[in-house]
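Everything on this sheet refers to the single structure shown next.
Chains as they are written, first to last, in the numbering used here: chain E, 1 to 469; chain F, 470 to 938; chain Z, 939 to 1407; chain Y, 1408 to 1876.
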């Protein structure tokens, strides 16, 4: 039986109404209700125009499956994970994360606060295609409101991170992406001692100014605006605030690998243990983890939470991917508001710009590149990829380490590395590279691109699109 | 194209989940959203276990059609009509009225407070079968809460009816049917000066004690209970409180025709004009209307509100059907809470039991009968009915008046009458009779039943079920 | 300094507006805010007309003291204790319990769920008289809604008590006193398998039918009503549902000592340990506790929760006073809804009337008497009481045990006993007596009353009022 | 009897807790409840930390006075006026407008939507000092939530202003002052076709970045930030959004007189009639009103709404003061969100920067000056002022018109004018001047200041502070 793939890298994100409509949302809710003996679900939603539509239609499915729904209201995705764990229920965030405004979707958390694993996702996808029966009228669920959980989250988070002793009250700029953290993140910043200057804080599902994805190009467009008050750091959420981007008023976007390295530094200062990062992250994290006496492990992109669940939160210090941070001592969900708290606290404690702090800690900025090639015809992509991997094994030198958990990552003795992956959603081959010097990086780019072009041609295919960055 | 008939005599009432499920509810909402340029909908629901399920799934349809939903919450159906008129929007009550707990459904009110006409209902039924397109993501509706409308309704109603001058504070028993008026009707009674003793006032969609239909047999089962405090009158709602039944502690259930006659008396005391009643109502109403100088008109059962809309609320004093009252000066919706207010006020003002008041006003209780015959095979019902009508034209005497708007009603010079109708939902022939004496009534019953049995036999059919009362 | 005594036997209950007004409520809130480092308060209120008034004015005091208020809404008092313990905050119930409608007041719970001790109460009384300073504007508290806690309470309670296996679905009558449990107790009954027939379930702070105090005389007035459906048991709450009274359809009010004995039987069947009861309870409890291998201890009336706190919940099986039950395994607050659950379950499991179950368990009904004498002039009461106690020491025989923790309780070898106490709120002397036979009881009454009259006369005082029962 | 003056120019604004505390707020609520036969009050609050504190304590006073409170929630002050008129009740905004964060206060609207007159304010001030009695327990008010009114306001306002036909979607910058319009004003802008780029839109009662008063100096500090995206206009609210300031990205703050002249132009284009402006406004408004065929009238500062009430809304086109606009066709309350709507629509329709539109309409920018002199000792201020006025009568030429309704305003034939007023709250003399040329203005300043200094000296007093602008 052909099963429709609903879930992507992080939850479901689909276009309204072509790909996701209230009927599918209802079926999805009904399917999720059967996954486990949930008594109750804690539901947040973001600012999208369709948020009530998809909250209530999905909740109808849960109720039809006998689950009581507790609506927390407009709130960041991390609060769904937080509530699921603290109150031992299902956590649901109605959000399309950083997708354009015509999208919406869902992220789910089990009653320990873990995002659903791929196994659970598959179970749901299969169930949706079947004719699921709602429960008898006498066991149908109902709903309640529970906004106080937002206050409990803020209070618990501020207690967890701890207010810095310093009295410096810097203006820190934060761009809320017209999203769900519009009130929560500034309040956390204020409680930790900073003065938040907010941009795009009005909840607005039209995202009139910037795309909710906190990419370098999206954010640097407004660098003049952000920098005009010369803040020690600039923060920017995506729409549902599971993610955070960080900018320097002068240098602009700070590469995500360096941010992860910073968290590794911070958390390993407190306790030793494992650091799980996604396969596409760079050498700078290894540098810091090694220096701090931790142990680094790379895992499938978008699935570091699954690895965390496998190995356990107790001996893992950190699980991270670009833009995404899990601090297992706080909870096993990706939490962008926690990032806001950690950076705000650090800046106040050090009393200086964040990029200066990164330099002082010794978090280097290695040359890197990231590009993708769209192949046509579609069906030739896999063959080309396989041939390319075969060539890559020796193309850039002899690797001292190869990781194959998600694509092929070849690591060389000079600390340079290349990762080749197939995209899961498009007919693309993606390359990620890093090197100690610009020269080496240029060499890696030229050799690999030349080889790929060669193989494409040999296969009578063409590259119809090339994206850099 | 075959169009599914969704609507019955009063709105939609269907069994969950076989006949009505959240997907159909969503489609229904979407269809309703297209009927008119609604900006907003005012939504109440009753106590059924599926009330949140069917509120939210239906609201998803409205929102998908671009309508903003204002949730009033758990409240009697009349408040949907009231809000629709007062705030000029769509009114929606999520209720299956007095049906068993496994049912749910909808009643709709246009922005003047009129229940939807059959024409609108047909339009909706047709639209549901088509593939309706939801509006663009940028125009999708959202939702708000608006519980204060319940308070406004109570306040406006008490002002409308006016607190009696008398100081008597009788205990009046009211059975709330575990339904939506659990708080509203007792509060209205109290504000008018009575002490409500409530039975089954806990909101409870399982209806553990009595069926929500306020029938004679359902209610008289608890007459001992109701009568134990010897109240001047006993009131009983259906589940959504558009209806009211009235009992005397000694004589039990008071026939609905007499209650309608009482309202006619009350309202015609204040102003003259037309009285619209359904085809199945009795002579006692004519008596009173004539005495009070009004003008009576009989109309299709379940559709008196349509007639009211046609002729206009300004020169109509009353529109009523058994259990259902519309007072056009208050608003064009059926309102059981208004009935509670009128009877409470009257009892306090007169300072005596309600049945005594009826006697003093001079509202007689004529002998009557009501019975139905289920015919098999189904397809023969219509032919039998037609032949029976043909015979009936002269069977019980020469009628001085024949009304054919809904079945055939033959009226005789001694004020006796018979109405023969086909049921709209079952293969039944229904007979309603009234006479000035028990003898004449017995004669009418015997002759008509004998004739019907004869015709059934002649057609090689059988009566598989006969119901009296 | 003279300190106004605000607190009575159970929390604060004062007349509006003479004794308790919003200004005092505000000061009270401010005082309570300083008692402990509360982060947050969970607040329920009952159905009184002044409930919003006293919720919001009191909450203003808490907020002025920096505490965030989580409003649960209209809910039974036990939910304040439950929320306080489960979510580790202050618990507040805005209620005057079973006092007349013009009263209102407060019950407080610490973050373990214990009602405030007398020491805390005194601290509050002293603080109110001082000029307490509100916190700085920047640390003032705010408020949130959190109705879902009601659902969690119901769900946790039903899980705790456990649905009986039996399939019997008896109609059980419950009189809700127009109070806060209007929805909660019937829902618990239904979830355990009974069909609740509710009387006075509409939330109505005017208490139009019966006083909210669940006394014998108040309830037996409606015994005909309650008994008309011949239920296996009749239950009746006070206004805030921390209390429960139990009636038999034939025999009427069941003495509270027997109900406590029943709970002792039930809970000692599950585990051994201490049973704490108030000083005014009778021999039947000793009988059962001894039979079941428990250990009984008598304590000050209205303060058994304090004794429980001293000795610890872990080795105490039960703490109870007439109408009031604490099951420490469930939580240290007095819980009338828990009583509803335990009795409902027992009746269903045994499949027979509750009074029959009491008989089968072997819970006897000893002859008893309770009376009080109001002395004038007021200031002579204490001297008369002291002289009376001196005489009582040998008057009715030689006691084998004397308990002096709250008045004087003399216990005799034939298991008869007498308790003499001074009222805390009125110039009264109260006597409680129990005996194995009616003869012995009559003797005790005559001898003690004669002696008291004698002493009163000797002191040139008079008895201006005598109350029996 | 000395009566505490609570009300200032616009409602009550006091420091917490020294000047305004919950006890006073309660008394105030009780006093307001007695002013008129209010059935109900519609209550909004702004983002201050004490907003819940002062909403609930004030509402306690209203409820104690028998008024039912409908909480709309966090919303701009204009919505209090709007709800009061539309739903015929009392309107209340809990706000200290643009005062610093440690302040809070109230604005009141009668059931036609007019802000309370000084006469009503005095009545309240007197009543607070008396011992007001709360109503009997049985008539105490209660409360409800009614957030949907926010949506109705937005919808009605957008319909009133009307979406422009043009398709230009400019980015317009709006600074929300961390205040109550955080969501409403951007939504109105979006619905009219603009893209709002919001600054300080997070609701935050600490006002971390800018003072809530939208003064030139406060706002121009952030001109770089606002101007960085080169918007056609920059808008800035105060904390409760009854006010609006307007900036040009290049020229900065646009003088309020020109903004008022623009509204006069706009509204007089639609219909003729009276224009009421405060005494301190300039010649540019006369220019436009004359050109457009209207009739201008100057009135007491802070009291133009009283004048509007006297003359009636039907033949008045506009009532305005610096930062404050009343459009009587929309409603008689000061409405900053309406200003947002009118300017947004105009900019889109003209497709060019707002300051260019002002130029094209022909709204000149005359030289002006505004200064104040603080006199010591305090008690000499009045004498000095009187002597100064005497001199001023001929000092700057022979006036062709003198207005004495609020201070003395002398108007000259060259269209220059001077206004001298005593401050109502401080021992200050205030001068406002305008002239057709810079030379004339300089002359007016020199002559008047010289004369004032002379009189001060003659009276043995000194000027302890001089403020310009």
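Beta carbons are placed, not taken as given, at the ideal position from N, Cα and C, and that holds for glycine.
Suppose only complete runs of 3+ residues qualify. What are the beta strand (DSSP E) ranges in the segment 1420–1497 of chain Y, listed by chain order?
1447–1452 and 1475–1481
Can you confirm whether residue 785 of chain F, when its beta carbon is compared against all beta carbons of chain E, has any partner nearer than 7 Å?
It does not: the Cβ of residue 785 of chain F has no partner Cβ on chain E nearer than 7 Å.
Report the residues of the segment 98–119 of chain E with a CB closer than 8 Å to any CB of chain Z, ordered along the chain.
none
I believe residue 221 of chain E touches residue 253 of chain E by the beta-carbon criterion, under 8 Å. Please report the beta-carbon distance rounded to the nearest angstrom.
Not confirmed; about 11 Å, so no contact.
Mind checking who residue 459 of chain E pairs with in its DSSP beta bridge?
Under DSSP, no beta-bridge partner is assigned to residue 459 of chain E.
With a Cβ-Cβ cutoff of 7 Å, do residue 609 of chain F and residue 53 of chain E count as a contact?
Residue 53 of chain E sits close to residue 609 of chain F, with the two beta carbons spaced by under 7 Å.
Secondary structure of residue 400 of chain E, DSSP reduced to three states:
coil
Going by DSSP, what residues sit across from residue 1705 of chain Y in a beta bridge?
Y/1684
Run through chain Z and tell me which residues come within less than 8 Å of residue 39 of chain E, C-beta to C-beta.
1093
Inter-residue Cα distance where the pair is residue 825 of chain F and residue 858 of chain F
Going by the C-alpha atoms only, they are around 40 Å apart.
Less than 7 Å between the beta carbons of residue 968 of chain Z and residue 1004 of chain Z, yes or no?
Against a cut-off of 7 Å, the Cβ pair of residue 1004 of chain Z and residue 968 of chain Z comes out as no contact.
Can you list, in chain order, the stretches of the beta strand (DSSP E) that have 3 or more residues and sit fully within the segment 1146–1176 of chain Z?
1172–1175
If contact is defined by three or more beta carbon pairs under 8 Å, each pair taking one atom from either stretch, is the segment 1024–1036 of chain Z in contact with the segment 1120–1140 of chain Z?
no
Whose CA, out of Y/1526, Y/1700, Y/1666 and Y/1447, lies closest to the CA of residue 1418 of chain Y?
Y/1526
For residue 1822 of chain Y, which residues in the same chain have their Cβ closer than 7 Å to its Cβ, ignoring the five residues on either side in sequence?
1690 and 1843
So residue 693 of chain F contacts chain Z; which residues on that side make the cut at Cβ distance below 7 Å?
1166
Taking just the CA atoms, how far does residue 1059 of chain Z sit from residue 1242 of chain Z?
Rounded to the nearest angstrom, the gap between the Cα atoms of residue 1242 of chain Z and residue 1059 of chain Z is 15 Å.
Which same chain residues end up closer than 8 Å to residue 1587 of chain Y when comparing Cβ atoms and leaving out the 5 residues on each side of it in sequence?
1451, 1452, 1453, 1454, 1481, 1482, 1483, 1484, 1502, 1610, 1646, 1647 and 1648
Short of 6 Å in beta carbon distance, which residues of its chain neighbour residue 1036 of chain Z, apart from the five on each side in sequence? Order them along the chain.
1150, 1151, 1176 and 1177
Output yes if chain Z places a C-beta closer than 7 Å to the C-beta of residue 169 of chain E; else output no.
No, residue 169 of chain E does not count as interfacial toward chain Z.
Since residue 1219 of chain Z contacts residue 1310 of chain Z with CB under 8 Å, what's their CB separation in whole angstroms?
No, residue 1219 of chain Z and residue 1310 of chain Z are not in contact; Cβ-Cβ is about 17 Å, not under 8 Å.
If residue 1289 of chain Z and residue 1020 of chain Z are in contact, beta carbons under 8 Å, what's the gap, nearest whole angstrom?
That belief does not hold up - the Cβ atoms of residue 1289 of chain Z and residue 1020 of chain Z are roughly 30 Å apart, past 8 Å.
Just verifying my parser: in three-state terms, what is the DSSP assignment at residue 1349 of chain Z?
strand
Report the option in Z/1366, Z/1347 and Z/1351 whose CA atom is closest to the CA atom of residue 1358 of chain Z.
Nearest C-alpha to residue 1358 of chain Z: Z/1347.
Any beta carbon from chain E within less than 7 Å of residue 940 of chain Z's own beta carbon?
Because residue 940 of chain Z carries a pLDDT of 49, less than 50, the predicted location of this residue cannot be relied on, and the following value inherits that uncertainty. So, not an interface residue.
For the beta strand (DSSP E) containing residue 789 of chain F, name the first residue and the last one.
785–790
Got a sec: is the Cβ-Cβ distance from residue 664 of chain F to anything in chain Z below 7 Å?
yes
If you follow the alpha helix (DSSP H) that residue 360 of chain E is in, where does it begin and where does it stop?
354–361
As assigned by DSSP and simplified to three states, the class of residue 102 of chain E
If DSSP states are grouped into helix, strand and coil, residue 102 of chain E belongs with coil.
Does any CB atom of chain Y fall closer than 7 Å to the CB of residue 590 of chain F?
no
Put residue 1200 of chain Z into one of helix, strand or coil per three-state DSSP.
helix
Please go through the same chain and pick out, in chain order, the residues whose beta-carbon is closer than 8 Å to the beta-carbon of residue 1561 of chain Y, but skip the five residues on each side of it.
For residue 1561 of chain Y, where only same-chain residues beyond five positions count, the Cβ hits under 8 Å are 1591, 1594, 1595 and 1598.
Quick one, which of F/726, F/850 and F/828 has its alpha-carbon nearest residue 792 of chain F's?
F/726
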